[in-house]
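Following the working numbering, the numbering of the sequence shown begins with 1455 at its first residue and continues without gaps. Backbone N, C-alpha and C fix where the C-beta goes; we use that ideal spot for every residue, glycine too. None of the values given here were measured: they were computed from a predicted structure. Take a look at the structure below.
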Amino acid sequence: DDCGVLPLGSLERGTLTAIFPALERALELTNAGPLVLLTGYQAPAAIRRAGANRLESWLRNRKVRGAAALARSAFEAAERQHTAVVGEKAIAQMVHTLAREVMTLNEKIAEVDKLIESRFREHELAPVIASLPGIGPLLGAEFLAATSGDMSFFATPDRLAGFAGLAPAPRDSGRVSGNLHRPKRYHRGLQRVFYTSALISIRTCAESRRFYDRKRAEGKRHTQAVLALARRRVNVLWALLRDGRCYQAIPPVTALP
């Protein structure tokens, strides 16, 4: 549900690749640790001079998780590249600046996320919405922004599913009836809420996992199975909000011995 760390974009990656392609390939630049590393070390020679142990200590002092593994990966990448490039110092400064800017943006995003979570928790329907596995404060807030949480606007779960783009719309002609297709007009943010939360629930909710596995066994592709789960969860959330009750997991039915 969290937005997570803002990754380095193509400009930043391209800048790093210009002086240190081995490091760009070795690091997962969507994580916070590599961003911290790039604020202090951008060129292979500097990393080699520091050494893996000193680099690890430097990262630990900055509260980086997995400091030892990150330091080792960076040092091994530096050992694979001994060629300096023209303008390396200037490009290294650019990488440093870009990494700092991304970290600053991540801090601002985290502040906004906390504000959104706080406002969401204040809503009377927050406990009901957040009880559905996969929906946290951010997705819950997005759901409220799209629907206000008032199910009186949606007489049936089918109406809510249609608004979210998860219910096929009829495309009948004068001669042919029964044709269905995805509606062209729907709330994409609401669709994201249901699709993303369905993906999360597959990992965290046994009931969702069983439903997903059953759809895959029926021959549906991954995306189709997730969409089917998302559609089912529309029904569940609609009923929870209508009744004002929180979600309770249904235990699996076991055969009698």
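Taking C-beta to C-beta, are Val1582 and Leu1695 nearer than 8 Å? yes
Apply the 10 Å Cβ neighbour rule to Phe1617 and answer buried if 16 or more other Cβ atoms are within range, or exposed otherwise. buried
Extent of the continuous alpha helix (DSSP H) to which Phe1648 belongs: Arg1642 to Thr1658
Beta-carbon separation (whole angstroms), His1550 vs Gln1496, contact threshold 8 Å: 6 Å
Tell me, to the nearest whole angstrom, how far the beta carbon of Gly1442 is from that of Phe1574; I am working on the premise that it is less than 8 Å. Any question about residue 1442 goes unanswered here, given that the chain covers just 1455 to 1711.
Once the 5 residues before and after Glu1561 are set aside, which same chain residues still bring their CB inside 7 Å of it? none
Taking the runs of the beta strand (DSSP E) that are 3 residues or longer, which of them lie wholly in the segment 1484-1510? none
According to the neighbour-count rule (16 or more other Cβ atoms, all chains shown, within 10 Å of its Cβ), is Ile1589 buried or exposed? buried
Curious, which full-length beta strand (DSSP E) runs of at least 3 residues does the segment 1509-1546 contain? none
Note the first and the last residue of the continuous alpha helix (DSSP H) segment covering Glu1578. Note, Glu1578: premise wrong, no alpha helix (DSSP H); not H, not E.
What whole-angstrom Cβ distance do Glu1530 and Ala1521 have, given they're in contact under 8 Å? Glu1530 to Ala1521, Cβ: 15 Å. No contact.
For Ala1703, I'd like the list of residues in its chain whose CB is within less than 6 Å of its CB, leaving aside the five on either flank, ordered along the chain. Glu1661
For a test of your reading of the model: does the CB of Glu1482 fall under 7 Å from any non-hydrogen atom of the ligand SAH? Yes or no. Absent from the structure shown: the ligand SAH. Ligands present: none.
Can you give the Cα-Cα distance for Arg1642 and Gly1619, rounded to whole angstroms? 7 Å
Let's see if you can read the secondary structure: which residues bound the alpha helix (DSSP H) around Glu1596? Pro1591 to Thr1601
Based on Cα-Cα distance, which residue from Pro1498, Ala1523 and Leu1491 lies nearest to Arg1516? Leu1491
Put Glu1478 into one of helix, strand or coil per three-state DSSP. helix
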